[in-house]
Amino acid sequence: MTVTAPDAGDVQVRQAERADLLSILEIEKASFPQPWPYEAFTGFLDEPGFLVALEGGRIVGYVVADVTPTHGRALGHVKDIAVHPGYRGDGIGSLLLTRALSEVVFQGADSVKLEVREGNDGAKRLYRTFGFAALRRVRGYYEDGEDAIIMVRKLG
Ligand SMILES: CC(C)(COP(=O)(O)OP(=O)(O)OC[C@H]1O[C@@H](n2cnc3c(N)ncnc32)[C@H](O)[C@@H]1OP(=O)(O)O)[C@@H](O)C(=O)NCCC(=O)NCCS
Numbered sequence: 402m403t404v405t406a407p408d409a410g411d412v413q414v415r416q417a418e419r420a421d422l423l424s425i426l427e428i429e430k431a432s433f434p435q436p437w438p439y440e441a442f443t444g445f446l447d448e449p450g451f452l453v454a455l456e457g458g459r460i461v462g463y464v465v466a467d468v469t470p471t472h473g474r475a476l477g478h479v480k481d482i483a484v485h486p487g488y489r490g491d492g493i494g495s496l497l498l499t500r501a502l503s504e505v506v507f508q509g510a511d512s513v514k515l516e517v518r519e520g521n522d523g524a525k526r527l528y529r530t531f532g533f534a535a536l537r538r539v540r541g542y543y544e545d546g547e548d549a550i551i552m553v554r555k556l557g
């Protein structure tokens with residue numbers, strides 16, 4: 402399916418495949434101080450919420466989201482999202498998040514959560530735009546000691 406991101410050209414979003422993983426890992430390493438290892442991504446290859454964005458055939462971003470039954474409810478979880486540094490600010494992150502949220506709704510989730518570094522103001526702004534609100538702080542969540550903010554959003 403090809404869709405138009407608000408500020409980007411034509412961007413295709415589809416489920417991730419094994420052949421995408423090296424490009425994904427490259428973006429992951431350029432985006433996070435403690436990147437996921439290759440094996441962490443292989444574990445999500447059959448997950449419908451593991452999506453990639455392509456522009457001109459090149460992988461420019463990805464999102465990993467899944468749904469877990471929790472206390473009799475289905476809770477969506479956005480576990481990872483990143484856009485290639487050279488492609489940020491063009492609506493691709495928003496597009497990936499939109500598609501991931503649709504996927505977790507499709508799987509029956511009635512709310513969705515994510516963790517974000519306290520200092521990651523850009524990502525927090527993106528999530529607030531999408532209706533996420535801070536729920537609580539987890540002290541020292543990340544290996545370097547930074548706190549995580551847990552953000553949640555109800556899904557209609
Ligand atoms: C967060 C991220 C995925 C957003 O992707 P993107 O394609 O740049 O996002 P968009 O172009 O859709 O931007 C959407 C909104 O996010 C916010 N935003 C994202 N990054 C921002 C930044 N560095 N500074 C300020 N605002 C930012 C803005 O509100 C923006 O809306 P605007 O363009 O109308 O101002 C991307 O910046 C990224 O890969 N960051 C590194 C990895 C990361 O931190 N992931 C989140 C982990 S919780």
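Positions 402 to 557 (our numbering) are the ones given, in order, by the sequence shown.
Don't be surprised by glycine CBs; every beta carbon is placed ideally from N, CA and C.
All values derive from a computational prediction rather than experimental measurement.
Buried or exposed (CB count within 10 angstroms, at least 16 for buried), residue i
| i | result |
| --- | --- |
| Ala420 | exposed |
| Leu515 | buried |
| Gly494 | buried |
| Phe533 | buried |
| Phe442 | buried |
Proximity below 8 Å, CB of residue i to CB of residue j
| i | j | result |
| --- | --- | --- |
| Val513 | Leu536 | no |
| Ala501 | Val468 | no |
| Ile482 | Ile425 | no |
| Pro434 | Asp545 | yes |
| Leu496 | Val414 | yes |
| Phe531 | Leu556 | no |
Sequence-distant residues of its chain with Cβ nearer than 6 Å to residue i (five each side left out)
| i | result |
| --- | --- |
| Glu456 | Val412 |
| Thr471 | none |
| Ala549 | Glu516, Val539 and Tyr542 |
| Val453 | Ala417, Asp421, Ile460 and Tyr463 |
| Ile428 | Ala483 and His485 |
| Phe445 | Phe451 and Val465 |
| Gln508 | Val468 |
| Lys525 | Val517 |
Own chain partners of residue i with C-beta closer than 8 Å, once the 5 adjacent residues on each side are dropped
| i | result |
| --- | --- |
| Glu547 | Arg518, Glu519, Gly520 and Gly541 |
| Gly523 | none |
| Lys430 | Pro436 |
Proximal residues to residue i (C-beta, below 7 Å), its chain only, five neighbours per side dropped
| i | result |
| --- | --- |
| Glu504 | Pro449, Gly450 and Ala466 |
| Ala558 | Look at the range of the chain in this structure, 402 to 557, and you will see that residue 558 is not part of it. |
Segments assigned alpha helix (DSSP H), at least 4 residues, entirely inside the segment 405-474
422-432 and 439-443
Segment contact, 8 Å Cβ cut-off, at least three pairs: the segment 469-477 with the segment 487-500
The answer is no - the segment 487-500 does not touch the segment 469-477, with fewer than three Cβ pairs under 8 Å.
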